[in-house]
Amino acid sequence: MFLKSTLKNLLFLGAAALLVFACGKKEEGRQLTGNPKIDKLKLPDGFVAELLYSPGENDQGSWVAMTFDDKGRMITSDQYGFLYRLELPPIGSDSTVKPKVEKLIVGNVPDSLVGMGYAQGLLYAFNSLYVMVNHNPNARFSQPTGLYRIQDLDGDDQFESITQIRELKGQQGEHGPHSMKVTPDGKGIYLIAGNHVDVPEMNHYRLPKVWQEDNLFPLIKDPRGHANDRMAPGGWIARIDPEGKEWELISAGFRNAFDFDYNEVGDIFAYDADMEWDFGMPWYRPTRINHATSGSEFGWRTGNSKWAPNYPDNLPAVLNIGQGSPTNAMFAFNANFPSKYKKALYAFDWSFGIIYAIHLTPNGATYDATAEEFISGSPLPLTDGIIGPDGAMYFATGGRRLESDLYRVYYKGELDTHVPLTEADLPQEAKLRRELEQYHKAGAPADGLEKAWAQLGHADRYVQYAARIVLEHQPVATWKDKAIAEADPAKKIHAILALAHHTNDADAAAMLNSLMQIDYKALSAKDKQDLLRTMEVILYRYDKGAEPVKQQLIAYLDPNYPANDNMLDRSLSILMVHLDAPSAVEKTLALLKNAKDDPDYQKTFTSSSDLIFRNPQYGLDIANMLANVPPAQATFYATVLGGADKGWTAAQREEYFKWINHALTAYKGGRSYVGFLDRARKMALASVDKADFEKYDEMSGGKLLTASGNDIANTGVQPEGPGRRWTVEEAEPLMANLVGRDLVKGKAMYAAVLCQSCHTMQGEGGAIGPDLTQLGTRFSPKDILVATINPSETISDQYHATVLELKEGGSIVGKLNDEDAQNYYISQNPFAPNDIKKVAKSNVILKKNADVSIMMPGLINRLNEEELKDLMAYLISGGNPDHAVYKQPTAQK
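For the sequence shown, position 427 matches number 606 in my numbering, and the numbering has no gaps at all.
Take a look at the structure:
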């Protein structure tokens, strides 16, 4: 727990927000407005931001969705309430002119109920407002989760007609159905849903409806229960007609892609979410931009079963961004922006307050992608955004009942000429992919088979993928024998992968025998990966049918394992352990012992260290993880070995279980890290002799863990609660009498609510924040309460964070340790203070202070009244039992 005070030399590090400046104050290069909600924004040169409206100040909730109607009015939705319609003042209006805001009561529903709202997606089109209702059951709201069309049929400019297009089933919530866009041809609607929504029955499937988990990696569902009953294919994109009668599945395999958009030639890009609890695990996938082509699959699966991006049966990201919470994606072709920004894809991250501008350049059948930080601020919990009829960008902040604001951003300057991208400009590979995609439908013309077969070995992965999907839409009987007999290795591999999705046990041996005819050593690394993955899919789906050839398969694979390639060795280890190969345990254990991670695997645009100071809620978790990141490759092998129930020697068991014990305490991953390791440990324990169970359980760290196995057991005293959301007003009266409080219990609460991890008391604890031993001799109980409950109220010059805005467009946030004539020296990780980033002053256009503390608010919310009293007595006394706080009532200040 961090404490701050009004004295500058006792304040801790701040996070990435901008200092509240006096009106007109200038700090190193930029004229600031005096409005902290605007001054905290980092903007590119020439752009201007306006704060238009603050819904929270008007008891209108937290806005998370927006659209414009045919009269140029904005329609928004509170995440947990009503729809609102706004008439916005023109660009450049006096700041005192506010929008006219109208609550929309749809269908004559009493004002005490929400007749239509709870929307996480809004679209005005086809003379209607489409509302994607997304909520958990709530007595105040009458419409179940799903897609609705509301209309004004009597011309009174009010919506009275509500038509349910389709109810959507699943767990819903924030992983439910989301955004919508009118299709490029103007005749339909694209919509996207997260992985907690079942794929509804469709009239048409561009991705054939044959998906399965397809993973022999020992299954460990999330130890904390997230998405444990959600199976393939995860989140999805569909196309519907305006009435919602015809549904076509376009793409699937997302985690929780909240939004998407398409470019000038109709190519769709979705901004998918990461699973932050997986951080540090080999199956972690960062937030990413996916080019969602026809029939594409992106490999989300529950728990640790997410597919590797290099598997041929899914497509990779065009850009890995990093950690965050995606909430919006949109192109700006209708914006009055310079051409560079007019053609960019804008990706909104809620967690860390960044709008990324993604720049896409056609390359082959897909695109190369680069990114820059377009707008950022802290706190800036971005929700939705849209380009308005006036050519400005509008965006909202809020979500999860946070304070909500509506902004407008426009360009003030001369505009260059924008040259739109056309289909004629696309590379030949993209044109070929599009030609193949015309056959991605049931009953497609038979000539598609010949065209697709010719491209199964294409060097471009997206063309190759599109060709395989063509096969899967053709009658299997017309190409099964051809697939098994194919001589070209690449064509054979992808044809048999297609066949594996549509056949049965009777064909398993023939498929594997055909694949084993390939000269493995003559293949490229990609073709080796594709071959191994195809074998895995066959074994996953038809293990019984493959039984007659398993020994031959072991003989085929064993000489090639290990491969001295991390990704190939992952696939080989899975196959060898599944097949009970005699050498599997020995070889995989040797790899575990000597594993080294690939530094550029899934390299991200945003470094995790750059995010620490931008959000106090998530920043400390990231900082702690980065100081002790788990070895991903070794963790992968440890999980594979957890599923190996044969072939162990006693010495190998001991080596494995000791590694698990070390990994449980030596490294810090995401929230589920310990639980995943414990589940692998328990799988391995399930196959040891009963007489040895207790020995190996202790050797592998069983006694270190909580009963659930999700955490390292905390041997200290923990709060009994029940806690509450403490305010200074509620807590201050409890400080009137602290006589006779329990000093030992107070020290335990000091550790339990994380004070000790960052502060020193009587020579014990962390050194990130100031020493608190003399705190009570200098500050009143109220001062300490304010510092604890509202840590960002005052930030010291000694402990604030610094924001450096860069000429190249980004920003860096951290603790400014030092500077000289040429450079700033920034520490970005409070748990690794010696890791210093050097930033050339010549690359900095603005340096400013931050006013959001990295200390998380609410750390004392676990405590009940008595526990809070004990903690405060301990802080005031500095742990000294002879302090006056124990002798007489504490005076109020």
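All residues carry an ideal CB built from backbone N, CA and C; glycine is no exception.
In this text, all values refer to a predicted model and were calculated from it rather than measured experimentally.
To the nearest angstrom, how far is the alpha carbon of I963 from that of P901? If you number the sequence shown from 1, residue 963 lands on position 784. If you number the sequence shown from 1, residue 901 lands on position 722. Cα to Cα, the separation comes out at about 22 Å.
Does DSSP put Y520 in a helix, a strand or coil? Here the question's residue 520 lines up with position 341 in the sequence shown. Y520 falls in the helix class under three-state DSSP.
State the Cα-Cα distance for the pair L581 and A298, rounded to the nearest angstrom. Along the sequence shown, one-based indexing puts residue 581 at 402. Along the sequence shown, one-based indexing puts residue 298 at 119. Approximately 16 Å between the Cα atoms of the pair.
CA nearest to the CA of I663, picked from A575, I648, I697: Stepping through the sequence shown from its first residue, residue 663 is reached at position 484. Checked all of A575, I648, I697; the closest Cα to I663 is I697.
Quick one: what does DSSP say D547 is sitting in, helix, strand or coil? Position 368 of the sequence shown, counting from 1, holds the residue named residue 547. In this structure, D547 counts as strand in the three-state DSSP scheme.
Starting from the Cα of M878, find the closest Cα among G848, L884, N840 and give me that residue. Start at 1 with the first residue of the sequence shown, and residue 878 comes out as number 699. With distances taken between Cα atoms, M878 lies closest to N840.
Looking at Y546: is its Cβ nearer than 9 Å to the Cβ of A508? Locating residue 546 in the sequence shown gives position 367, counting from the first residue. Locating residue 508 in the sequence shown gives position 329, counting from the first residue. Against a cut-off of 9 Å, the Cβ pair of A508 and Y546 comes out as no contact.
For D401 and G854, the rounded distance between their alpha carbons: Mapped onto the sequence shown, residue 854 falls at position 675. Mapped onto the sequence shown, residue 401 falls at position 222. Going by the C-alpha atoms only, they are around 8 Å apart.
Suppose only complete runs of 4+ residues qualify. What are the alpha helix (DSSP H) ranges in the stretch 672-716, listed by chain order? Complete alpha helix (DSSP H) runs here, min 4: 687-694.
Which of helix, strand or coil does DSSP assign to Y259? As a working note, residue 259 is residue 80 in the sequence shown. Coil at Y259, not helix or strand.
So, for Q322: in the same chain, excluding its five sequence neighbours on each side, which residues have a beta-carbon less than 6 Å away from its beta-carbon? Numbered from its first residue, the sequence shown carries residue 322 at position 143. The residues are V312.
Nonlocal neighbours in the same chain, by C-beta distance under 8 Å from G1057, ignoring five residues either side: Numbered from 1 along the sequence shown, position 878 holds the residue referred to as residue 1057. Excluding sequence neighbours, G1057 sits near M940, Q941, L951, T952, Q953, L954, G955, T956.
Please report the Cβ distance between L283 and Y263, rounded to the nearest whole angstrom; I am assuming they are in contact, meaning their Cβ atoms lie under 8 Å. Translated into positions along the sequence shown, residue 283 becomes position 104. Translated into positions along the sequence shown, residue 263 becomes position 84. Indeed, because the Cβ distance is near 7 Å, the residues count as touching under 8 Å.
May I ask you to list the residues that DSSP assigns as paired with G296? Looking up residue 296 in the sequence shown gives position 117. DSSP lists F261 as partners of G296.
Return the CA-CA distance between Q781 and M460, expressed in angstroms with no decimal places. On the sequence shown, residue 781 is found 602 positions in, with the first residue counted as 1. On the sequence shown, residue 460 is found 281 positions in, with the first residue counted as 1. Approximately 12 Å between the Cα atoms of the pair.
For W632: DSSP bridge partner residues: Against the sequence shown, residue 632 aligns to sequence position 453. In DSSP, W632 forms no bridge with anything.
Assuming N507 is part of the beta strand (DSSP E), what are its boundary residues? Your numbering for residue 507 matches position 328 in the sequence shown. Per DSSP, N507 belongs to the beta strand (DSSP E) from 505-510.
Closer than 8 Å: A417 CB and nearest the ligand FAD heavy atom: In the structure shown, the ligand FAD is absent, as is every other ligand, since no ligand is present at all.
Take L332 as the anchor and find which of F305, S358, I554 has the nearest alpha-carbon. Residue 332 sits at position 153 when you count from the first residue of the sequence shown. If we check each option's Cα against that of L332, F305 comes out closest.
Output yes or no for whether 9 Å exceeds the beta carbon distance between S564 and I533. On the sequence shown, position 385 is the one that residue 564 refers to. On the sequence shown, position 354 is the one that residue 533 refers to. First, the residue type needs correcting, since residue 564 is Gly and not Ser in the sequence shown. For G564 and I533, no; Cβs fall outside 9 Å.
Closest Cα partner of Y586 within the set V965, I270, L308: If you number the sequence shown from 1, residue 586 lands on position 407. Minimum Cα distance to Y586 is reached at I270.
Would you tell me roughly how many angstroms separate the C-alpha atoms of S1158 and A228, rounded to the nearest one? The question about residue 1158 has no answer, for the chain in this structure spans 180 to 1072.
Under the assumption that F477 contacts L494 (Cβ atoms under 8 Å), give the Cβ distance between them as a whole number of angstroms. The residue given as residue 477 occupies position 298 in the sequence shown. The residue given as residue 494 occupies position 315 in the sequence shown. Contact flag correct, Cβ pair sits at about 6 Å.
According to DSSP, is Y1004 part of a helix, a strand, or is it coil? Your numbering for residue 1004 matches position 825 in the sequence shown. Looking at Y1004 - three-state DSSP - the assignment turns out to be strand.
Cross-strand partners of H538 (DSSP beta bridge): As a first step, residue 538 must be located in the sequence shown, where it is residue number 359. T549.
For the 8 Å Cβ check, are there 3 or more pairs between the stretch 821-832 and the stretch 851-868? yes
Pair within 9 Å by beta-carbon distance, T682 and V655: Along the sequence shown, one-based indexing puts residue 682 at 503. Along the sequence shown, one-based indexing puts residue 655 at 476. With respect to V655, T682 sits close: the two C-beta atoms are nearer than 9 Å.
Distance, Cα to Cα, T212 vs N794? Translated into positions along the sequence shown, residue 212 becomes position 33. Translated into positions along the sequence shown, residue 794 becomes position 615. Going from the Cα of T212 to the Cα of N794 covers about 24 Å.
Put A194 into one of helix, strand or coil per three-state DSSP. Within the sequence shown, numbered from 1, the residue matching residue 194 stands at position 15. Here A194 scores only 30 on pLDDT, less than 50, and its place in the model should not be relied on; the value that follows carries that caveat. A194 falls in the strand class under three-state DSSP.
Can G988 and P223 be called in contact, C-beta distance under 9 Å? Start at 1 with the first residue of the sequence shown, and residue 988 comes out as number 809. Start at 1 with the first residue of the sequence shown, and residue 223 comes out as number 44. Yes, the Cβ-Cβ distance between G988 and P223 is below 9 Å.
CA-to-CA distance, D446 to L676, given in whole angstroms: The count along the sequence shown starts at 1 and reaches residue 676 at position 497. The count along the sequence shown starts at 1 and reaches residue 446 at position 267. The straight-line gap separating the alpha-carbon atoms of L676 and D446 is approximately 26 Å.
Give the DSSP-derived three-state secondary structure of W838 in the structure shown. Taking the sequence shown and counting its residues from 1, one reaches residue 838 at position 659. W838 falls in the helix class under three-state DSSP.
Taking the alpha helix (DSSP H) that N745 falls in, what are its first and last residues? For this step, residue 745 is matched to residue 566 along the sequence shown. For N745, the enclosing alpha helix (DSSP H) begins and ends at 745-757.
Near D639, what residues of its chain come up, given a Cβ to Cβ distance below 7 Å and the 5 sequence neighbours on each side ignored? For the purposes of this step, residue 639 is identified with residue 460 of the sequence shown, where counting begins at 1. The answer, listed in chain order, is G543, A544, E608.
Quick one: is G404 buried, meaning 16 or more other Cβ sit within 10 Å of its Cβ, or exposed? As a working note, residue 404 is residue 225 in the sequence shown. G404 is exposed by the Cβ-count criterion.
Answer yes or no: do L302 and T246 have a C-beta to C-beta separation smaller than 9 Å? Position 123 of the sequence shown holds residue 302. Position 67 of the sequence shown holds residue 246. It is a contact, given that the beta carbons lie within the stated cut-off.
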